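What follows is a single structure, written as structure tokens, with notes after it.
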Amino acid sequence: MMHLHKFEKIWLIFGIAMLTVFLGIVGVQAFAQGQTPAGGMKKIDPEKVDVTAPFDNPGVHQIDDDTYEVVIKAMAYGYEPSEIKVPAGKEIIFKVTSKDVIHSFTIPRTKVNMMVVPGQVNEKSYTFRDPGTYLILCNEYCGTGHHFMHTEIEVVEE
Ligand code: CUA
């Protein structure tokens, strides 16, 4: 009887220890996630995209001699603005958000392939080496018009 009591006590202590460790891990994870919300992306109100900077002014903006920003809105089933022209050999920072569901902003044969999530400023930097017309398409199934969702980007000699 005495031995059984001792065992129960050990199991109880073991149980409490496990619970403490478990809660500790959950707490640390929550803290770590709080430090880097959703991969460090900026949050915006997906209902107010048209009046939220930088999406209130979509298009190509020169930042300095070597850097351009391209602000794009994705929606079912297209991208705005529809005409994008950037110089080759310069850093292009794409900032894309969605006005409805999850889309993608994919430029085949480049490393630009990002998910476009409503409520997030999705960012990717890229430098086009060669001038030409590049296809931009949606890689995330977003509805009946998904397969037609695309646009083009014109890369011109600087
Ligand atoms: Cu947008 Cu598929």
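Following numbering that gives the first Met the number 0, the numbering of the sequence shown begins with 0 at its first residue and continues without gaps. Note that beta-carbon positions come from the ideal geometry of N, C-alpha and C, so glycine has one too. Predicted model only: the values in this text are computed from it and were never measured.
For residue j and residue i, believed in contact at Cβ under 8 Å, the rounded distance
i	j	result
S103	M113	7 Å
I152	I106	7 Å
Exposed unless 16 or more other CB atoms sit within 10 angstroms - verdict on residue i
i	result
T161	Absent from the structure is residue 161, since the part of the chain shown begins at 0 and ends at 157.
F127	buried
Y78	buried
F54	buried
K42	exposed
V155	exposed
K94	buried
I135	buried
Distance between residue j and residue i (C-alpha atoms, nearest Å)
i	j	result
F147	E157	31 Å
D63	I92	12 Å
I15	E7	12 Å
V120	G144	23 Å
P80	D44	20 Å
M74	V115	10 Å
C137	G118	18 Å
T35	G142	The predicted model places T35 with a pLDDT of 42, which falls under 50 and marks its position as unreliable; any figure quoted below should be read in that light. When rounded, the distance between both Cα atoms is 31 Å.
I83	H60	11 Å
Enclosing beta strand (DSSP E) for residue i [first to last residue]
i	result
G124	It should be pointed out that residue 124 corresponds to Ser in this sequence rather than to Gly. Run containing S124: Q119 to T126, per the beta strand (DSSP E) assignment.
A73	T66 to M74
I101	That residue, I101, is in no beta strand (DSSP E); it is neither H nor E in DSSP.
L59	In the sequence as displayed, the identity of residue 59 is Val instead of Leu. Element bounds for V59: G58 to D63.
G131	G131 to L136
G77	G77 to E79
M114	N112 to V115
P45	Note, P45: premise wrong, no beta strand (DSSP E); not H, not E.
T150	H149 to V155
K84	E82 to P86
heavy atom of the ligand FAD below 8 Å from residue i C-beta
i	result
A75	Here the bound small molecules are the ligand CUA; the ligand FAD is not part of this structure.
* Can we say the region 83-94 touches the region 44-51, given the rule of at least three CB pairs closer than 8 Å? -> They do not touch, by the three-pair rule.
* Asked: Given 8 Å as the limit, is there contact between the region 13-20 and the region 91-106, that is, 3 or more CB pairs closer than that?
  -> Contact between the region 13-20 and the region 91-106 is absent, because fewer than three Cβ pairs lie under 8 Å.
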